[in-house]
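The structure appears right after this line, and notes come after that.
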Amino acid sequence: MSVAIDTIEHMFEYGKMASASATLQTVSPSTVARAPQLLGSQVQGSQARGSEVQALQDRIRSMQATKLEHRLIPTHPAIAELLPGGGLKQGATYSVDNSATLIMAMLAGPSRAGSWCGVVGVPEFGIEAASTFGIDLERLVLVPNPGDQWLAVTAAIADVMGVVVTRPPKRASDGNLARLAARLRQRGSTLIVLGSWPQSEAMLSLSESRWSGIGEGHGHLSARQVTVTVSTRLDGRPRSARMWLPDPAMEFAAVASAAIEGSGIDGSTIESSETEYLRAV
Amino acid sequence: MSAPILAQHNTVQRSMVLWIPDWPIIAAIRIAPPNSGASGVSAASDVPLALIDRGLVFACSAAARIEGVQRGIRVREAQARCSDLVVRPYDQQADQRMFETVVTAIEELMPGVQLVRPGIAAIRSRGPARYYGGEKPAGLALTTMLDELGIAGSRIGIADGPFTAEQAARTTTIGTTGGATGGTRVRVVPEGESAAFLGPLPIGLLEQPDLVTLLRRLGIRTLADFAALPPGDVLGRFGADGAHLHALAGGLDSRPIVPHVPPEELDVTIRFEPPLDRVDQVTFSVRASADDFIQNLVAKKLVCTSLRVEIGTELSDTRPGDTEPGNYSERSWLHPRSFTASDVVDRVRWQLQGSAEVDTGLRSGVSSVRIVPEAVDAIGNHEVGLFGAGPEERIHHGLSRVQSMLGHEGVLTAVVSGGRTLADRQTTVPWGDRPLLPRKASEPWPGQLPKPLPSTVFPTPHPVHVFGPDGEAVEVSDRGILSAVLARFSPAASGRDVREITAWAGPWPVAERWWDADAARRAQRFQVVDDRGIAWLLVLQGVTWSAEARYD
């Protein structure tokens, strides 16, 4: 037994080390650019070690998890990459920090795939924007003013809808939250909370939003690049990525890494091979 | 060639046609009596009233006619001729509905009534003539009955075939003194004399303007001239329509009178004696009747897609001063597919509960519940597929449950409609109801916002403050010139939380519906990006800035 614990502790340590080195590499692109020449011989070894670490981490997570394995619902690939588990999980709760566009980006995938979406307690949900971002209005149900019964209404909507968006007007008691979580798990519905939520699978937030197409008194808003950051309860290290939310063609997409520093819309993909390298680690 | 026409000779029926002159006016007055103004002395029928259909006078009352108002003139001209004219839109459905009551009254007197159009009804005259001892007494009986109903001025024509009878009714004259003498209100054209009666009448009575114009140019000015043409030639030259009109002109109207069939009774009425005062008691009692209601529809191969629930209540003794015998609630319910018995019970329950919580008592005892199908459809169109109707059924049940918690308007679906402002472009509809779009989204709508659209649209725009580089308020002149560039703005009404503006665009003017003082809107729109990277849609109306939406 003690041997097993020792092993797990070692894994932890190892995992931490690996992740720390990964963050170091991501923050300094110059290091990364030099990496192939300097560390060429070490790449293969580190990759193999990385996958080993990944496998071990997954095993730890499965031992720690309080829930059974989840099935994923179709999610937009750009967001799915950031989420723990590689997509929106059925029966899980996600919280989004004050961005309706990000919520629409999360709803677009499931809605395109045919699931029904419910929006509870968000009277300012932009319907036309939702339809341009690919949410099928025929399968969108709004309960703008649930009043005091928001928890009961959210639970009732979650019974029949695949994805439910809600904004809690006040903090619910832990017992009620646990009951709602159990119901979500049983029905396999995904809850997206606008605001904070104590037991969320992941917390999504936007930062460094940069609009293009608009100037000092001319043009109009045409596209936006943002950094989407996902932090989870289990893993202390937040993951973030630069995304088009939306791009000039009204689609959501990940920004090629070169375009982050570039001038935006016509960003090139010269360093895409190095992006691949970064992802492998 | 003339064989079919000859065959028709034998089938001409003696017909009685009832004509109520100015029926649309009578119907309009019966639905809502016009306010006779400050004088108050004149009766409702003496008010000059005109009904307008598509900008033209469709019908006018006798008082208006005296002033020179005619059918077919424009509203403005009618108002110029008669300055105190009461103008109302013509409501064809109300017209029809009111005439139904007349038809019902006639049916009590003599069976087999055909509703030709509102104001005109045809009856086979053989039976009533035998019963009342002659055609004229039968007609008089009918006019007397209508006078008792309060419908004055009805006239009757009796002749061979409905066309001739209608012309006979129109040629009756009522003396200006003592209109009820009756002698001239019923005109009987004896059997076989229809052609002689119709002969001198102008050709314009045939309601087919193209043919009438052509006939006039051919020198045919009366019905007798037309009837004198050989039937075979008319059929060859003018086709079947022409041959039919030729037969009419000759007094050989072979159209049979098709009696009006009363619609089948599908509604269910449940009476409670003594009245019930608890929702669960009422719904429990309604359950069996709802089953019968649905079974009855199914037996007729119908399903109900829309129904009306009428609940009659007795006021409880706590309000003795109220003289009204019963309180009454009525509303229509739609169903996305078709009602089942339990859906019907649900609708009754929701209506009883109103927006109140479950398990509340009723204010007064329920004495009756009536369930009326408003729209039915053939059952074949609503058959469940071989593998069931899929997940939709489950969703409908779930949402109905939320509706029972929050009320019918609590659960909405959304549709994009037409318009320039964001509020105009989104329309919400309660779950289960059909969307009624006031404006079409498919039309171009120049001046609408470019994409991407804001993801947060405030239900009510909230006031903001916008400042120029020196902290002054920014305005837009009538010529659309900005007083200063946009430098800072505060999204709070209080003016705190001032943010730098990093980029902006505008002003984009919108001047909408300037012809309608209530709906007119003149505004300047701006897109503004603040230093946190959040973009806003700001609107300047007059000197007031407000935030309409946020791109977050």
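Protein sequence lines correspond, in order, to chains A and B.
If you count by this note's numbering, then the first sequence holds residues 1 to 281, one letter each, in order.
If you count by this note's numbering, then the second sequence holds residues 1001 to 1552, one letter each, in order.
Glycine included, C-beta positions come from ideal geometry on N, C-alpha and C.
Scan the stretch 123-209 of chain A and note each continuous beta strand (DSSP E) run of 3 residues or more that stays entirely inside, going in chain order.
Within the stretch 123-209 of chain A, the complete beta strand (DSSP E) runs of at least 3 residues are 140-143, 163-166, 190-194.
Is the shortest distance between the beta-carbon of residue 149 of chain A and the beta-carbons of chain B less than 8 Å?
So, interface residue.
Residues of its chain near residue 1074 of chain B, where Cβ-Cβ distance is below 8 Å and the 5 sequence neighbours each way are ignored
Around residue 1074 of chain B: 1055, 1056, 1057.
Three-state secondary structure assigned by DSSP to residue 1499 of chain B:
Residue 1499 of chain B falls in the strand class under three-state DSSP.
From the DSSP secondary-structure annotation, give me the bridge partner or partners of residue 94 of chain A.
The beta-bridge partner set that DSSP reports for residue 94 of chain A consists of A/192, A/202.
Which word fits residue 1271 of chain B, buried or exposed, when buried means at least 16 other C-beta atoms lie within 10 angstroms of its C-beta?
Residue 1271 of chain B comes out exposed.
Within a Cβ cutoff of 8 Å, which residues of the same chain sit near residue 1241 of chain B, ignoring the five residues on either side of it in sequence?
Result list for residue 1241 of chain B: 1208, 1211, in chain order.
Sequence-distant residues of the same chain with beta carbon closer than 6 Å to residue 1372 of chain B, five excluded per side:
For residue 1372 of chain B, same chain residues with a beta-carbon under 6 Å away, outside a window of 5 residues either side, are 1267, 1308 in chain order.
Are any of the Cβ atoms in chain A nearer than 8 Å to that of residue 1469 of chain B?
False, the Cβ-Cβ gap to chain A never drops below 8 Å.
Please report the Cβ distance between residue 1255 of chain B and residue 1161 of chain B, rounded to the nearest whole angstrom; I am assuming they are in contact, meaning their Cβ atoms lie under 8 Å.
Going by Cβ atoms, the distance from residue 1255 of chain B to residue 1161 of chain B rounds to 7 Å, so yes, they are a contact pair.
Can a CB atom of chain B be found closer than 8 Å to the CB of residue 271 of chain A?
Its pLDDT being 35, under 50, residue 271 of chain A is placed unreliably by the model, and the measurement read from it follows with that caveat. No, its Cβ sits nowhere closer than 8 Å to a Cβ of chain B.
For the beta strand (DSSP E) that residue 1515 of chain B lies in, which residues bound it at each end?
Here residue 1515 of chain B belongs to no beta strand (DSSP E), and DSSP marks it neither H nor E.
What residues of chain A sit near residue 1259 of chain B, judged by a beta carbon separation below 8 Å?
Neighbours of residue 1259 of chain B across chain A, judged by C-beta separation under 8 Å, do not exist; the nearest C-beta is about 46 Å away.
Rounded C-alpha distance that separates residue 1533 of chain B from residue 243 of chain A:
Approximately 14 Å, taken between the alpha carbons.
Measure from the alpha carbon of residue 1245 of chain B to the alpha carbon of each residue in B/1264, B/1457, B/1257, B/1225, then state which is nearest.
Measuring C-alpha to C-alpha distances from residue 1245 of chain B to each of B/1264, B/1457, B/1257, B/1225 identifies B/1225 as the nearest.
Stretch pair the stretch 220-231 of chain A + the stretch 198-210 of chain A: three plus CB contacts closer than 8 Å:
In this structure the stretch 220-231 of chain A touches the stretch 198-210 of chain A; the number of beta carbon pairs closer than 8 Å is three or more.
Assuming residue 1526 of chain B and residue 1506 of chain B make a contact with CB atoms under 8 Å, what is their CB distance in whole Å?
Residue 1526 of chain B to residue 1506 of chain B, Cβ: 3 Å. Contact.
Please classify residue 1403 of chain B as buried or exposed, where buried requires at least 16 other C-beta atoms within 10 Å of its C-beta.
By the neighbour-count rule (16 or more Cβ atoms within 10 Å), residue 1403 of chain B is buried.
Could you work out which residue in B/1276, B/1342, B/1172, B/1377 is closest to residue 1306 of chain B when comparing CA atoms only?
Of B/1276, B/1342, B/1172, B/1377, the residue nearest in Cα terms is B/1377.
Under a CB-based cut-off of 8 Å, is residue 1549 of chain B close to chain A?
Closer than 8 Å: yes.
Of all the CB atoms in chain B, is at least one closer than 8 Å to the CB of residue 132 of chain A?
Interface residue, yes.
Going by the CB atoms, is the gap between residue 1439 of chain B and residue 1418 of chain B shorter than 8 Å?
The Cβ atoms of residue 1418 of chain B and residue 1439 of chain B lie closer than 8 Å to each other.
Examine chain B for any beta-carbon lying closer than 8 Å to the beta-carbon of residue 31 of chain A, and answer yes or no.
The pLDDT assigned to residue 31 of chain A is 42, lower than 50, so where the model puts this residue is not dependable, and the model offers no usable value.
Sequence-distant residues of the same chain with beta carbon closer than 8 Å to residue 1064 of chain B, five excluded per side
Setting aside the 5 residues that flank it on each side, residue 1064 of chain B is surrounded in the same chain by 1048, 1049, 1050, 1078, 1082, 1085, each with a C-beta closer than 8 Å to its C-beta; the list follows chain order.
Near-chain E residues of the stretch 120-145 of chain A (beta-carbon distance less than 7 Å), N- to C-terminal order:
As a matter of chain content, chain E is missing from the structure shown, whose protein chains are A and B.
Quick check on the burial criterion: 16 or more other C-beta atoms within 10 angstroms. Buried or exposed for residue 1335 of chain B?
Counting other Cβ atoms within 10 Å of its Cβ, residue 1335 of chain B reaches 16 or more and is therefore classed as buried.
Quick one, which residues of the stretch 1422-1434 of chain B are near chain A if we go by CB-CB under 8 Å, in chain order?
Answer set for the stretch 1422-1434 of chain B: 1422, 1425, 1426, 1428, 1431.
Checking 8 Å against the spacing of the C-beta atoms, do residue 111 of chain A and residue 139 of chain A come in under that value?
Yes. Within cutoff.
Could you name the residues of the same chain whose beta carbon sits closer than 7 Å to that of residue 82 of chain A, not counting the 5 residues immediately before and after it, in chain order?
Taking C-beta separations shorter than 7 Å and ignoring five residues to either side along the sequence, the partners of residue 82 of chain A in its chain run 228, 230, 239, 241, following chain order.
CB of residue 1425 of chain B within 8 Å of CB of residue 1510 of chain B, strictly:
Remark: C-beta atoms of residue 1425 of chain B and residue 1510 of chain B do not approach each other more closely than 8 Å.
Rounded to whole angstroms, what is the Cα-Cα separation between residue 251 of chain A and residue 1370 of chain B?
Looking at the backbone, the Cα of residue 251 of chain A and that of residue 1370 of chain B are separated by about 53 Å.
Excluding the 5 residues flanking residue 1338 of chain B on each side, which residues of the same chain have their C-beta closer than 8 Å to its C-beta?
Here the set comprises 1303, 1304, 1305, 1377, 1382.
By the 10 Å Cβ neighbour count, where 16 or more other Cβ atoms means buried, how is residue 167 of chain A classified, buried or exposed?
The residue in question, residue 167 of chain A, is buried, as its Cβ has 16 or more Cβ neighbours within 10 Å.
Might you give, ordered along the chain, the residues of its own chain that have their beta carbon closer than 6 Å to the beta carbon of residue 1071 of chain B, omitting 5 neighbours on each side?
Contacts found: 1057.
Beta carbon of residue 189 of chain A, beta carbon of residue 161 of chain A: below 8 Å?
Yes, Cβ-Cβ distance for residue 189 of chain A and residue 161 of chain A is below 8 Å.
For residue 76 of chain A, is the classification buried or exposed, using 16 other Cβ atoms within 10 angstroms of its Cβ as the cut-off for buried?
Buried, because 16 or more other Cβ atoms sit within 10 Å of the Cβ of residue 76 of chain A.
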